[in-house]
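One structure is given below, encoded as structure tokens.
Structure, rendered in structure tokens:
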């Protein structure tokens with residue numbers, strides 16, 4: 220029987236395959252990579268300026284190195300900067316973004 224981590228990781232892969240879209244991830248150091256991610260344009264309102272931010276969900280294993288604040292994500296020719304990183308214990312990442 221499979222363990223919880225492998226089941227959850229498989230679920231993440233399936234969800235990204237079904238609902239993900241290609242985005243370009245550009246770390247501050249290293250090469251950019253095209254990955255599948257689920258994009259949410261206006262996720263929630265921040266209490267402080269600059270206002271509304273977006274988010275993407277992706278798998279850490281799809282990146283060459285761990286993400287960092289200041290990395291860039293390009294979605295449909297719009298550039299966003301990573302300002303917060305939320306990771307789960309099975310390799311899923313939510314990157315909170317601000318439009319560049």
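In this note's numbering, the protein residues as written are 220 to 319.
The beta-carbon is built from N, C-alpha and C at its ideal position, and this holds for glycine as well.
{"Query": "In three-state DSSP terms, what is residue 296?", "Result": "coil"}
{"Query": "Which residues mark the beginning and the end of the beta strand (DSSP E) in which residue 225 is found?", "Result": "Careful: residue 225 lies outside any beta strand (DSSP E), inside the alpha helix (DSSP H) at 223-238."}
{"Query": "Name the residue from 284, 278, 304, 289 whose alpha carbon lies nearest to the alpha carbon of residue 233.", "Result": "278"}
{"Query": "Starting from residue 317, follow the beta strand (DSSP E) in both directions and report where the run begins and ends.", "Result": "311-318"}
{"Query": "Out of curiosity, what's the CA-to-CA distance linking residue 252 and residue 284?", "Result": "11 Å"}
{"Query": "Let me know if residue 308 comes out buried or exposed under the rule of 16 or more other beta-carbons within 10 Å of its beta-carbon.", "Result": "exposed"}
{"Query": "Opposite residue 278 in the DSSP bridges: which residues?", "Result": "311"}
{"Query": "What is the rounded straight-line gap between the Cα of residue 189 and the Cα of residue 319?", "Result": "There is no way to answer for residue 189, as the model of the chain reaches only from 220 to 319."}
{"Query": "What residue from 260, 243, 235 has the CA that sits closest to residue 286's CA?", "Result": "243"}
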